[in-house]
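Peer 1:
Protein chains: 2
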Amino acid sequence: MLVMGIDPGLSRCGYGVVRQKGRVVEAMAAGIIRTDKREPIPRRLHEFQNELVELLDAYRPDAVAIEQVLFQVNVRTAMGVGQASGVAMAAAVGAGAEVFEYSPTQIKKAVTGWGGADKEQMGKMVQTLLGLPRPLRPADAADAVAAALCHLAHRPAASRIQAAM
Amino acid sequence: MLVMGIDPGLSRCGYGVVRQKGRVVEAMAAGIIRTDKREPIPRRLHEFQNELVELLDAYRPDAVAIEQVLFQVNVRTAMGVGQASGVAMAAAVGAGAEVFEYSPTQIKKAVTGWGGADKEQMGKMVQTLLGLPRPLRPADAADAVAAALCHLAHRPAASRIQAAM
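Same order as they appear, the protein sequences are chains V and S.
For reference, each letter of the first sequence is one residue, going 1 to 165 in my numbering.
For reference, each letter of the second sequence is one residue, going 1001 to 1165 in my numbering.
1) Going by C-alpha to C-alpha distance, which of S:1011, S:1018 and S:1025 sits closest to residue 1040 (chain S)?
2) Identify whether residue 1023 (chain S) lies in helix, strand or coil by the three-state DSSP scheme.
3) What are the residues of the segment 1080-1100 of chain S that lie near chain B, defined by any Cβ-Cβ distance shorter than 7 Å?
4) Would residue 70 (chain V) be called buried (16 or more neighbouring beta carbons within 10 Å of its own) or exposed?
5) Taking only runs of the alpha helix (DSSP H) that begin and end inside the segment 1030-1095 of chain S, which ones reach a length of at least 4 residues, in chain order?
6) Does residue 1014 (chain S) come out as helix, strand or coil in the three-state DSSP assignment?
7) Out of curiosity, what's the CA-to-CA distance linking residue 1024 (chain S) and residue 1060 (chain S)?
8) Here's the rule: buried if 16 or more other CB atoms are within 10 angstroms of the residue's CB, otherwise exposed. What is residue 1009 (chain S)?
9) Start and end of the alpha helix (DSSP H) containing residue 1129 (chain S)?
10) Please tell me whether residue 1063 (chain S) has its Cβ less than 9 Å away from any Cβ of chain V.
11) Taking its Cβ as the centre, do 16 or more other Cβ atoms sit within 10 Å of residue 128 (chain V), making it buried, or is it exposed?
12) By DSSP, does residue 2 (chain V) sit in helix, in strand, or in coil?
13) Which bits of chain V does residue 1055 (chain S) rub up against, with CB to CB less than 7 Å?
14) Does the segment 119-127 of chain V come close enough to the segment 1083-1097 of chain S to have 3 or more Cβ pairs within less than 8 Å?
15) Quick one: is residue 1105 (chain S) near chain V, going by C-beta distance under 9 Å?
16) Between the alpha carbons of residue 1052 (chain S) and residue 114 (chain V), how many angstroms are there, rounded?
17) Using 8 Å for Cβ pairs, my map puts residue 6 (chain V) next to residue 139 (chain V). What's the rounded Cβ distance?
18) Tell me the DSSP bridge mates of residue 1099 (chain S)?
19) Please report the residue range of the alpha helix (DSSP H) in which residue 152 (chain V) lies.
20) Can you check which of these residues, V:28, V:78 and V:45, is closest to residue 142 (chain V) by C-alpha distance?
21) Along the alpha helix (DSSP H) that carries residue 8 (chain V), what are the first and last residues, could you check?
22) With 16 other CB atoms within 10 Å as the buried threshold, where does residue 84 (chain V) fall?
23) In chain S, which residues lie with their C-beta within 9 Å of the C-beta of residue 69 (chain V)?
24) For residue 1041 (chain S), which residues in chain V fall below 7 Å Cβ to Cβ?
Here it is, written out as structure tokens:
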């Protein structure tokens, strides 16, 4: 079971790929897709799409877990995040993955046991769960991995039983 | 000069293709892309992307004019429109078109001369400007054509001079 987590954003989009085999979960890749703020938004969305499609082609995840966009104070930023999440969802379906959305609170709760956890706690738990020597950097990559881990924790018991048979 | 106008939306997305040759503007196509509300959003975004890419391939517009997403009362709807507009922008750049965004007020002003024009006035003016026997239906298709006409009215004088030479 291969899951790609995505923390959507137009300036910085975190991604993380984890593999679960039996009870072992390991990190396969994590990083950031950036686009140039000086470019027009349509061009940035296209560039983001190209980079994401390349990653999806390279890893072929069974599922993609996307952090849900919440409306922040800055409406301009929220719109960019929404547009990027739309591009990411369409690309993930196009690559044959099942797509799931999780709220920031769901992700925090799944990873740390508490919906109000801060960035540092999240980073530490991602590190612990994956048995990494040090916290993942940058934080957006750790957030994306957390979304993937959240999906592994949430996917229906049925599919886990099937996978074990 | 071929321009595709897009009135983005996930449930119904209007599109309209117009061609300007000298002082004559004619409609080449107009319609709606619909996606099934019962399907999950990522699947609908992917389907929307596929249909739009087909239209872009068929008409190869020089420019795509997209109506800007404004935040409405219904945040859920605004997010769907934002996601669809992101997919549309990335697809248009991928098809080699230049992409431009216009606010609803800019579009109304360009087509009727007044930023507060209502749907009926807009429909009538689109009909008149294109010399159509009756108003375009549905209204989303007329709105998309209006976005394309707005682009023709706004594009820099320089490119119009160049086109005339």
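Backbone N, C-alpha and C define an ideal beta-carbon position, used for all residues, glycine too.
Because the structure is a prediction, the values reported are computed rather than measured.
Peer 2: In brief:
1) Position 40 of the second sequence, counting from 1, holds the residue named residue 1040 (chain S). For residue 1040 (chain S), the closest alpha carbon among the candidates S:1011, S:1018 and S:1025 is that of S:1011.
2) Taking the first residue of the second sequence as 1, we reach residue 1023 (chain S) at position 23. Here residue 1023 (chain S) carries a coil assignment [DSSP, helix/strand/coil].
3) The structure shown contains no chain B; its protein chains are V and S.
4) Numbered from its first residue, the first sequence carries residue 70 (chain V) at position 70. By the beta-carbon neighbour count (other beta carbons within 10 angstroms, threshold 16), residue 70 (chain V) is exposed.
5) Taken in chain order, the complete alpha helix (DSSP H) segments of 4 or more residues contained in the segment 1030-1095 of chain S are 1041-1059 and 1075-1094.
6) Taking the second sequence and counting its residues from 1, the one referred to as residue 1014 (chain S) is at position 14. DSSP places residue 1014 (chain S) in strand when its eight states are reduced to three.
7) To locate residue 1024 (chain S), count along the second sequence from 1; it is residue 24. To locate residue 1060 (chain S), count along the second sequence from 1; it is residue 60. Distance from the CA atom of residue 1024 (chain S) to the CA atom of residue 1060 (chain S), rounded to whole angstroms, is 19 Å.
8) Counting from 1 along the second sequence, the entry for residue 1009 (chain S) is found at position 9. Buried.
9) Along the second sequence, read from residue 1 onward, the residue named residue 1129 (chain S) stands at position 129. Per DSSP, residue 1129 (chain S) belongs to the alpha helix (DSSP H) from 1119-1130.
10) Translated into positions along the second sequence, residue 1063 (chain S) becomes position 63. No - not a single Cβ of chain V is within 9 Å of the one on residue 1063 (chain S).
11) Here the question's residue 128 (chain V) lines up with position 128 in the first sequence. By the neighbour-count rule (16 or more Cβ atoms within 10 Å), residue 128 (chain V) is not buried but exposed.
12) Locating residue 2 (chain V) in the first sequence gives position 2, counting from the first residue. Correct three-state label for residue 2 (chain V): strand.
13) Locating residue 1055 (chain S) in the second sequence gives position 55, where the first residue counts as 1. The premise fails here: residue 1055 (chain S) is roughly 15 Å from chain V at the closest Cβ pair, so nothing lies under 7 Å.
14) The segment 119-127 of chain V vs the segment 1083-1097 of chain S: no contact.
15) Looking up residue 1105 (chain S) in the second sequence gives position 105. Answer no: the Cβ-Cβ gap between residue 1105 (chain S) and chain V never drops below 9 Å.
16) Counting from one through the second sequence, the residue named residue 1052 (chain S) turns up at place 52. Counting from one through the first sequence, the residue named residue 114 (chain V) turns up at place 114. About 42 Å.
17) The count along the first sequence starts at 1 and reaches residue 6 (chain V) at position 6. The count along the first sequence starts at 1 and reaches residue 139 (chain V) at position 139. Rounded, the Cβ-Cβ distance is 14 Å, inconsistent with contact.
18) Locating residue 1099 (chain S) in the second sequence gives position 99, where the first residue counts as 1. Answer is S:1064.
19) Position 152 of the first sequence holds residue 152 (chain V). Here the alpha helix (DSSP H) through residue 152 (chain V) covers 139-154.
20) Taking the first sequence and counting its residues from 1, the one referred to as residue 142 (chain V) is at position 142. Among V:28, V:78 and V:45, the Cα nearest to that of residue 142 (chain V) belongs to V:28.
21) The residue given as residue 8 (chain V) occupies position 8 in the first sequence. Premise fails: residue 8 (chain V) is in no alpha helix (DSSP H) and is neither H nor E.
22) Here residue 84 (chain V) refers to the residue found at position 84 of the first sequence. Flag for residue 84 (chain V) reads buried.
23) If you number the first sequence from 1, residue 69 (chain V) lands on position 69. By Cβ distance, chain S contributes 1079, 1082 and 1083.
24) Counted from its first residue, the second sequence places residue 1041 (chain S) at position 41. One finds 89 in chain V with Cβ atoms closer than 7 Å to the Cβ of residue 1041 (chain S), taken in chain order.
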